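From first to last, the protein sequence lines are chains A and B. Under the numbering used here, the first residue of the first sequence is numbered 13, with each subsequent residue one higher. Under the numbering used here, the first residue of the second sequence is numbered 9, with each subsequent residue one higher.
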Amino acid sequence: MSDAEGVTGQVIELRLPSRLGYERIAMDTAAALARRMGLADERIDALRTAIGEAVTNAIEHGNQADAAMKVVVVLTVRPAELIICVSDQGRRALALEQTKTQPRIADAFQRADKGGWGIWLMRELMDEVEFTLAPGGGNQVRMVVHLERSPVGDQ
Amino acid sequence: MLEDELTVNIRHRDGVAIIDLIGDVTTFAEEKINGAYRQVTARGDRFILLNFRQNDYINSAGIAILIGIVTEVNQNGQKLAVSGLSPHFQKIFRMVGLAQYAEIYQTEEDALSAFRRLGAVE
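Quick look at the structure:
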């Protein structure tokens, strides 16, 4: 498996315990795959951040950090894209409006809770991000990274 | 195994409190980072540099911790800068808006030169 052709069409599935820190396994796996697909380093860094946030959300919110509940990460390699699906078991459902927030740092200064950046980062860093219900009833986020470099003037 | 420890060191150079963050800046880092900030603030330090190590992992929980530090820095009339961030995290700091409140420098030396111009003393 030394080039992109070797991984095209492959589906890799990870089942992770809902404990913070395990998001790194998903980040490292996705990064290793993306490297073999030929993604540029900066796109791999973006992917690491986005998948880390998605899995962290699934652990902390969707599964309420119950280590017995699983977070399932499915990585699908297509000729021109990598698709990442992260699903939890939905102990707590994600409200749709939470997926469309546009946090501002000036507002965060005023709030005790200065978080809320994870989903926004995923949206900013990935080419496509879509929130749906997982087949088993949990939350699911589907993210896509295109193999072509999409942002103009980024090279 | 996966809860990587963050090592936080405090040093002083040229009138600047340098807080080295060696490791990952996630939710597990909160106590250590806030503790280091409280320590330099109690000492009366006005110029603070958060010195990161390239390619460590900073996530949104870590960003929230850093926004908390910026909030206090602004309230306490201190000056904050950051160094040692990889290009990816420099980009994220700009996207989030942290770069408006904490100037980004490539290296510790660059940050110290800038602090000297602002009046930090030996």
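Using N, Cα and C, we set each Cβ at its ideal position, and we do this for glycine too. A quick note: this is a predicted structure, and the numbers were derived from the prediction, not measured.
Pick from the options that is closest to residue i, judged by C-alpha positions
{"i": "R48(A)", "options": "A66(A), T20(A), N75(A)", "result": "T20(A)"}
{"i": "Q47(B)", "options": "I18(B), N59(B), D28(B), L126(B)", "result": "I18(B)"}
{"i": "A72(B)", "options": "N75(A), I71(A), E35(A), K126(A)", "result": "K126(A)"}
{"i": "M81(A)", "options": "Q114(A), A92(A), V67(A)", "result": "V67(A)"}
{"i": "F123(B)", "options": "I112(B), N42(B), F55(B)", "result": "F55(B)"}
{"i": "A43(A)", "options": "L28(A), V89(A), L59(A)", "result": "L59(A)"}
{"i": "Q76(A)", "options": "R90(A), Q114(A), A105(A)", "result": "A105(A)"}
{"i": "G43(B)", "options": "V16(B), I66(B), V24(B), I112(B)", "result": "V16(B)"}
{"i": "E80(B)", "options": "Y45(B), A119(B), I30(B), I66(B)", "result": "Y45(B)"}
{"i": "A50(B)", "options": "Q86(B), T115(B), Q98(B)", "result": "Q86(B)"}
{"i": "Q22(A)", "options": "E54(A), V83(A), P91(A), M155(A)", "result": "P91(A)"}
{"i": "E38(B)", "options": "D28(B), T115(B), G70(B)", "result": "G70(B)"}
Assumed close pair residue i, residue j - CB separation to whole angstroms, cut-off 8 angstroms
{"i": "Y109(B)", "j": "N82(B)", "result": "7 angstroms"}
{"i": "A146(A)", "j": "G102(A)", "result": "7 angstroms"}
{"i": "G50(A)", "j": "G150(A)", "result": "That belief does not hold up - the Cβ atoms of G50(A) and G150(A) are roughly 32 angstroms apart, past 8 angstroms."}
{"i": "M103(B)", "j": "E136(A)", "result": "6 angstroms"}
{"i": "T111(A)", "j": "F143(A)", "result": "5 angstroms"}
Neighbouring residues, chain A, relative to residue i (Cβ below 7 angstroms)
{"i": "N42(B)", "result": "Those within 7 angstroms of N42(B) in chain A number zero; the least Cβ separation is about 12 angstroms."}
{"i": "V104(B)", "result": "I117, W129"}
Alpha-carbon spacing of residue i relative to residue j, whole angstroms
{"i": "N69(A)", "j": "V157(A)", "result": "19 angstroms"}
{"i": "D32(B)", "j": "N63(B)", "result": "9 angstroms"}
{"i": "W132(A)", "j": "V85(A)", "result": "20 angstroms"}
{"i": "D166(A)", "j": "A52(A)", "result": "Low per-residue confidence applies at D166(A): pLDDT is 47, beneath 50, and the placement is therefore not dependable enough to give any value."}
{"i": "T41(A)", "j": "I56(A)", "result": "11 angstroms"}
{"i": "S162(A)", "j": "F101(B)", "result": "A caution first: S162(A) carries a pLDDT of 48, below 50, which makes its placement in the model unreliable, though a value can still be read off. For S162(A) and F101(B), the distance between alpha carbons rounds to 21 angstroms."}
{"i": "M13(A)", "j": "E65(A)", "result": "Note that M13(A) has pLDDT 49, beneath the 50 cutoff, so the model's placement of it is unreliable and the number below is only indicative. So the alpha carbons of these two residues sit roughly 28 angstroms apart."}
{"i": "I26(B)", "j": "H20(B)", "result": "6 angstroms"}
{"i": "L14(B)", "j": "M134(A)", "result": "24 angstroms"}
{"i": "R36(A)", "j": "A124(A)", "result": "28 angstroms"}
{"i": "I77(B)", "j": "E117(B)", "result": "22 angstroms"}
{"i": "I112(B)", "j": "I66(B)", "result": "15 angstroms"}
{"i": "W129(A)", "j": "S68(B)", "result": "6 angstroms"}
{"i": "V153(A)", "j": "L126(B)", "result": "46 angstroms"}
Chain-ordered chain B contacts of residue i [CB-CB under 8 angstroms]
{"i": "F121(A)", "result": "I75, V78, T79, N82"}
{"i": "E109(A)", "result": "None at all; the shortest Cβ gap to chain B is about 18 angstroms."}
{"i": "T61(A)", "result": "N67, H96, I100"}
{"i": "G64(A)", "result": "Y65, N67"}
{"i": "E160(A)", "result": "Ordered by position in chain B, no residue passes the 8 angstroms Cβ test against E160(A), which lies about 20 angstroms from the chain."}
{"i": "D78(A)", "result": "Here the premise fails: no neighbours, minimum Cβ distance about 17 angstroms."}
Beta-carbon neighbours of residue i, restricted to chain B and to distances below 9 angstroms
{"i": "T41(A)", "result": "Result: empty, since nearest Cβ-Cβ is about 13 angstroms, beyond 9 angstroms."}
{"i": "L133(A)", "result": "N67, S68, I71, I100, M103, V104"}
{"i": "E54(A)", "result": "P95, H96, K99"}
Pair within 9 angstroms by beta-carbon distance, residue i and residue j
{"i": "L159(A)", "j": "L94(A)", "result": "yes"}
{"i": "L32(A)", "j": "T34(B)", "result": "yes"}
{"i": "L88(B)", "j": "L57(B)", "result": "yes"}
{"i": "D22(B)", "j": "V129(B)", "result": "yes"}
{"i": "V90(B)", "j": "F60(B)", "result": "yes"}
{"i": "A38(A)", "j": "V98(A)", "result": "yes"}
{"i": "L74(B)", "j": "I41(B)", "result": "yes"}
{"i": "P115(A)", "j": "A79(A)", "result": "no"}
{"i": "H96(B)", "j": "E140(A)", "result": "no"}
Where residue i meets chain A, residues with beta-carbon distance less than 8 angstroms
{"i": "T35(B)", "result": "L32"}
7 angstroms Cβ cut-off: residues of chain B touching residue i
{"i": "T68(A)", "result": "N67"}
{"i": "G50(A)", "result": "Those within 7 angstroms of G50(A) in chain B number zero; the least Cβ separation is about 18 angstroms."}
{"i": "E136(A)", "result": "M103"}
Near the ligand MG: residue i beta-carbon under 8 angstroms from a heavy atom
{"i": "L159(A)", "result": "Within the structure as shown, the ligand MG is missing, as the structure has no ligands at all."}
Closer than 9 angstroms to chain D by CB, residue i
{"i": "E72(A)", "result": "Of the chains in the structure shown, none is chain D; the protein chains are A and B."}
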